[in-house]
Structures are given as C-alpha cells and as structure tokens.
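Heads up: the sequence shown at position 206 corresponds to 195 in the working numbering, and the numbers run straight through without jumps. Don't be surprised by glycine CBs; every beta carbon is placed ideally from N, CA and C.
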Amino acid sequence: MHDIANRALRLSLEVRDGGVRVALREAGDSGVAWVDAAYRYRFRIEDDAHAIELGRRVEPRVTGEAHRVTLAFELGGVLGIEHRFDAPAEARWVEERLVVTNLSARPITLGAIECGLRVRLTDEVGRVLPEVARDRFAAVPFLVRATDPPGHRNEFTPAQLLATPGGEPRMNGDLAFGVVPSRHRTSEAWAWLRPGGEGATARGLCVMKFRQGAMEWAALSTQAEADGVWLRLGGACVVTLYEATA
C-alpha cells in the first residue's frame, strides 16, 4: 500500500490481482471517500488487419516518495507506461500524469486510450446505488453552451447519465463542427457535487484536464460491466469515431 496526502486529499494505491486499486479520500477527520476501486487502463493498438486491446492486467513497479507515487509497466512489449500521482504538501489538489512510450521499432496507431478512476453507479441489474443517487456532475465552466438546445444544462445525476447519451465533439477537414452520440461527455472540468442532509455537509470535487500545448477535455465515461455500470473520470480518454456509440 502506498499513500500520499496534502491539506485536502489523501490518495492510497495498492497493486493486487493484476490491477491497481486507487482510493481518493478527503484528508482530515471527515475521511469522505470519493473513489475506491480498481483503476481502468485500456489501450487499443490498430493496424490495417486487426486491433489489439491492452491493459486488462497490469503488474507495475511502484516507487513512492513523500508526496509522489509512480507506477511503471509495459504492455504487450509494445507500450511503456509511466503513471504518476503528485500531492504537493501545501496544495489542495492531486495531479495525475500519464506518459506513454512506443517500445517497438515501428510507428503504431493508438486507436483508443481510456484510463481513469472509477466509481460504481449501479448494481448488476442497473439500479442506481443509493450512495451516489443524489450526486450531480456539472460541466465547468459552461453549464450551458452556445450550441446547446434551449433549456439544456450540462449537469447530470447518475440516473440521467444512464438514460441519455453523451456527445463527442467532431470537426472535419472543412472545419464543420458537430457532436456525435457517445458514452463519453467532455468539458474542460467537471464538478462532482454531493449534497448534504441528515448531519452531513455538502461537498464537491473538481476533476479537470489541462495541457499547455493543445485544447483537451476532461471526460466522463460510462461503462457497463458484469457487476453494474461504472463511471470513469480523470486520467486520459482518447477515442475514435468508430467507438462513438460503444
């Protein structure tokens, strides 16, 4: 078990059963848990003949420092992954960074990258779990975008995430812009809001994606699995048009 913490958050990481379990909690007495589940790693390598999925099992080497933990591993002898979490002592945030290296002797095409923290939304038959039923996920900074239909707000309960498709922005060579249906939703950041009541204090966690060299978005992604529907957030999410309605 590896732990890093600062004034606001505590992140715990454990490698077991071919995966990495990550827990993110508030620091201090409250100890409110936001995430406590296996991290999702998924990379798809494509060529003209087939596609290979990598990341279902990982066996990383872990190194820890006072406020940093780093995982390093290889996938299929083709990809080298360095995954780092930083929690500077006086900060109120945790930074996550992924570096992907091509270990092969030839160029490769990554058709999809989907990595992130996971929170379970439903049971195995699709009923929203009571511990997240009143949570909301709100886009930051634009709750309402210029392209949204009248009355639409980019703020969703778990039930709404399940009932309505998300959307992926697309632009073609003629600079025509549109949105295709998707299990992903994108924004510069997402505010995860948890209401108070019955002695509990209302709380929030902001998840954002930033890259100095290009405009990128933070993505919320739903994924149906054997034990229910999960939400993936944080990390990195790069998908192709062919996955838009997966």
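For the pair of segments examined, the segment 114 to 132 was found to touch the segment 165 to 178: the number of CB pairs separated by less than 8 Å reaches three. The distance from the Cβ of Arg174 to that of Ala152 is about 13 Å, inconsistent with a contact at the 8 Å cut-off. Rounded to the nearest angstrom, the gap between the Cα atoms of Glu157 and Gly66 is 31 Å. The continuous stretches of beta strand (DSSP E) do not include Pro77, and DSSP gives it neither H nor E.
The criterion of a C-beta distance shorter than 8 Å is not satisfied by Arg221 and Arg73. Taking Glu85 as reference, the option from Ala213, Arg200, Asp216 with the minimal CA-CA separation is Arg200. A direct Cα-to-Cα measurement between Gly105 and Arg81 gives close to 20 Å. Looking at Arg123, Thr59, Glu113, Arg31, the one whose alpha-carbon comes closest to that of Gly100 is Arg31.
Taking the Cα positions, Glu35 is about 42 Å away from Arg192. Residue state for Leu110 is assigned as coil, using DSSP reduced to three classes. The beta carbon of Leu43 sits closer than 6 Å to the beta carbons of Phe32, Leu64, Gly65 from its chain, once the five residues preceding and following it are set aside; these are given in chain order.
In the three-state reduction of the DSSP assignment, Pro130 falls in the coil class, being assigned neither a helical nor a strand state.
Rounded to whole angstroms, the gap between the alpha carbons of Arg183 and Leu60 is 30 Å. The beta carbon of Glu3 lies closer than 6 Å to those of Met(-10), Arg10 in the same chain, with the five residues before and after it left out. Here the segment 106 to 113 makes contact with the segment 211 to 220; the two share three or more CB pairs at distances below 8 Å.
When secondary structure is reduced to three states using DSSP, Ala148 falls in the helix class.
By the 16-neighbour rule on beta-carbons within 10 angstroms, Gly202 is exposed.
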